[in-house]
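If you use this note's numbering, the sequence shown corresponds to residues 1 to 168, in order.
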Amino acid sequence: MSDKGWTDGEIGIDWIKDFDLQTRGKANGDPRLLLVDGHNSHFTHGFIDYAIEHSIHLFCYPSHCTHILQGLDVVVFGTFKKIWCKKQAQWISDNFPASFGKSAWLTVWSKTFLEVMKESTIRAAFRVTGFTPFDPSVITEKMVPPSTEHSSRGSLPIPHTSPVKKII
1 MSDKGWTDGE IGIDWIKDFD LQTRGKANGD PRLLLVDGHN SHFTHGFIDY
51 AIEHSIHLFC YPSHCTHILQ GLDVVVFGTF KKIWCKKQAQ WISDNFPASF
101 GKSAWLTVWS KTFLEVMKES TIRAAFRVTG FTPFDPSVIT EKMVPPSTEH
151 SSRGSLPIPH TSPVKKII
């Protein structure tokens, strides 16, 4: 993280370099596809130049669509959360009255992570979101309805004194 605790352009470049290192051998010289959201750290000159130079094709999810297109959100994290909650409850039940402390948390979390983060789950995420095999029909119009107006008038609860009242 940056000094301010946020991801920035420099961290984005470090991240794509790590992505390159982790996937280069598996790609066997073929280009790779990197799906990203619209965070500004994914769209610096350095990030894009690095991607081009290393045969990494960038695809940015459309705004406000990651809840239906991002496989980690749609499949992987939901599955993880469901299994994690079951395993946590089971640990608490099996070990009563012991407290579910850091050590137990880490043990249960690690086992759940290894159970969920496997190739079949990740492939399912890409299939369910229509990325591979490519299938745009999995995203229906009902999943991306048009924006609706929720309010058109605003008011403040207390009367204003003179200069503000005149402006209003």
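Using N, Cα and C, we set each Cβ at its ideal position, and we do this for glycine too.
Values in this document were obtained by computation on a predicted structure and should not be read as measured data.
**OP:** Write down the C-beta distance between Ala125 and Gly71 rounded to the nearest angstrom, noting that I regard them as a contact closer than 8 Å.
**Re:** With 8 Å as the limit, Ala125 and Gly71 qualify as a contact, their Cβ atoms being about 3 Å apart.
**OP:** Thinking Thr66 and Asp73 are a contact (beta carbons under 8 Å), I'd like their distance in whole angstroms, please.
**Re:** For a cut-off of 8 Å, the C-beta gap from Thr66 to Asp73 is around 6 Å, short enough to register as a contact.
Original post:
From which residue to which residue does the beta strand (DSSP E) around Phe59 run?
Top reply: DSSP places Phe59 inside the beta strand (DSSP E), whose first and last residues are 56-60.
**OP:** In the DSSP assignment, find the alpha helix (DSSP H) that holds Val128 and state where it starts and stops.
**Re:** From DSSP, the alpha helix (DSSP H) with Val128 extends over 119-128.
Original post:
Which same chain residues, not among the five before or five after Val108, have their C-beta less than 6 Å away from its C-beta?
Top reply: If we look at Val108 and ignore the five residues flanking it on each side, its Cβ neighbours are Lys87, Gln88, Trp91.
Original post:
Under 8 Å between the Cβ atoms of Ile83 and Thr112?
Top reply: A contact, by the Cβ cut-off of 8 Å.
**OP:** With a floor of 3 residues, list each beta strand (DSSP E) that falls wholly inside the stretch 21-77, ordered by position along the chain.
**Re:** Runs of the beta strand (DSSP E) inside the stretch 21-77: 32-36, 56-60.
Original post:
Secondary structure at Gly5, three-state DSSP: helix, strand or coil?
Top reply: Here Gly5 sits in coil by DSSP.
Subject >> Whole-Å CB distance - Phe47 paired with Gly12, under 8 Å assumed >> reply: Between Phe47 and Gly12, the beta carbon gap of about 5 Å places them in contact (Cβ cut-off 8 Å).
Original post:
Which residue's Cα is closest to the Cα of Val36: Gly25, Ile56, Ala27?
Top reply: Considering only alpha carbons, the answer is Ile56.
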